[in-house]
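Going by the numbering used here, the first residue of the sequence shown is number 44, and it counts up by one from there. Heads up, the beta-carbon is just placed ideally off N, CA and C, and yes, glycines get one too. One structure below.
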Amino acid sequence: MDTPTEQNPPIPKMKFTPGDYMFLGFMVLVLIAVVWVGILAHEEATKTEESKHNGELLVAWLTEAGTKRFEPDFAHGPCAGGPKAPEHAQSVALATAPEAPASAALAPLTVAAGAPAKEDAAKAPAMAGSEAAEAVAGAKDEAKGPNTWGGCIEHIFALKEFKEFKNPFFDEAPKFAAACVPTDASLTGAFVIEKMVATAPGSAVPYIASQFVDADTIEAKMQLRISICDKGSYAIKIAEFEF
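See the structure below:
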């Protein structure tokens, strides 16, 4: 007896409907959006890391300077610690200023052959006077008082390693802010430097952070904290250190 053979029905060809095309197009757009958001997030993260790196470089410089700035031969005068010379430095400079040689006043002025001596006698008091003026000017500078943070940070950003510092979010020179405020987008990438003021012994909080302004003196050792403002203007702490 012959066994009947089963025949599979033909498979119908798949046809895309307009709805299918719309769905595929939507998925392509979603994929593009996800990739684009990832690129933007990576760029923002890179800029944040660059800002943190700038802060770390500044911390490293200030930390090293903090160990040397009380030495007499410290190379960065505006950031030096300790009080400057007292107000009587000018009178001391005047007292110790070089005087014109007495022989200059006694040089012959009427002898024809002594004309060069006459010129030397005229120049000597002027040279002595200029040296005295330089000494007085230096004394006045020393008598101005202790250095301030404003003068120090201006000196730092004039150095070769900091001259090209840029805020990567705005491609401009970095600025200092009193605090990071999430509602202020202009603070993105800004530095926040605070001085840690010790509280009274026995207090629950050992330090109180206060804004470090340009007029603050830097004559004594101090504890500082540096933060940067991220893309959302939230504070990211970099380090606490002694300066």
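Nearest-angstrom beta carbon gap, residue j and residue i [assumed within contact, 8 Å]
{"i": "Gly98", "j": "Phe234", "result": "6 Å"}
{"i": "Ile251", "j": "Thr242", "result": "6 Å"}
{"i": "Phe4", "j": "Ile236", "result": "Residue coverage of the chain in this structure runs from 44 to 286, which leaves residue 4 outside it and unanswerable."}
{"i": "Pro249", "j": "Glu93", "result": "33 Å between Cβ atoms; not a contact."}
{"i": "Ile269", "j": "Leu101", "result": "7 Å"}
{"i": "Lys274", "j": "Thr89", "result": "About 11 Å; that fails the 8 Å criterion."}
{"i": "Lys206", "j": "Phe200", "result": "7 Å"}
Cut-off 7 Å between Cβ atoms - residues of its own chain near residue i, not counting five sequence neighbours on either side
{"i": "Ala123", "result": "Arg112, Phe117, Asn190"}
{"i": "Ser276", "result": "Cys223, Val224, Pro225, Asp227, Ala228, Leu230, Thr231"}
{"i": "Ile281", "result": "Lys95, Gly98, Glu99, Val102, Ile269, Ser270, Ile271"}
{"i": "Val240", "result": "Tyr250, Ile251, Ser253"}
{"i": "Asp184", "result": "Below a pLDDT of 50, predicted positions are generally treated as unreliable, and Asp184, at 48, falls in that range; no measurement from the model is reported."}
{"i": "Asp257", "result": "Thr191, Trp192, Gly193"}
Residues near residue i by beta carbon distance below 6 Å, same chain, minus five either side
{"i": "Pro126", "result": "Pro189, Glu262"}
{"i": "Phe286", "result": "Leu105, Gly109, Met265, Leu267"}
{"i": "Thr60", "result": "none"}
{"i": "Asn51", "result": "none"}
{"i": "Ala103", "result": "none"}
{"i": "Ala138", "result": "Low local confidence applies: a pLDDT of 42 at Ala138 is under 50, so the model's placement there is unreliable, and no value is given."}
{"i": "Ala221", "result": "Gln254"}
Which residues DSSP lists as bridging residue i, in chain order
{"i": "Val73", "result": "Paired residue(s): none; Val73 is not in a bridge."}
{"i": "Arg268", "result": "Glu237, Glu283"}
{"i": "Glu114", "result": "Per DSSP, none; premise fails for Glu114."}
{"i": "Thr191", "result": "Thr260"}
{"i": "Ile54", "result": "In DSSP, Ile54 forms no bridge with anything."}
{"i": "Glu215", "result": "Asn210"}
{"i": "Ser253", "result": "Lys238"}
{"i": "Ala278", "result": "Cys272"}
Beta-carbon proximity list for residue i, same chain, < 8 Å, skipping 5 on both sides
{"i": "Pro121", "result": "Asn190, Gly194, Cys195, Glu197, His198"}
{"i": "Asp63", "result": "none"}
{"i": "Phe219", "result": "Ile196, Ala233, Phe234, Val235, Ile236"}
Environment of residue i [buried if 16+ CB atoms lie within 10 Å]
{"i": "Lys58", "result": "exposed"}
{"i": "Asp323", "result": "In the structure as shown, the chain starts at 44 and stops at 286, and residue 323 therefore has no counterpart that could be examined."}
{"i": "Leu74", "result": "exposed"}
{"i": "Ile54", "result": "exposed"}
{"i": "Pro115", "result": "exposed"}
{"i": "Trp192", "result": "buried"}
{"i": "Lys203", "result": "exposed"}
{"i": "Pro217", "result": "buried"}
{"i": "Lys238", "result": "buried"}
Contact test: residue i Cβ vs the ligand NAD heavy atom, cutoff 7 Å
{"i": "Ala247", "result": "No copy of the ligand NAD appears in this structure; indeed no ligand is present at all."}
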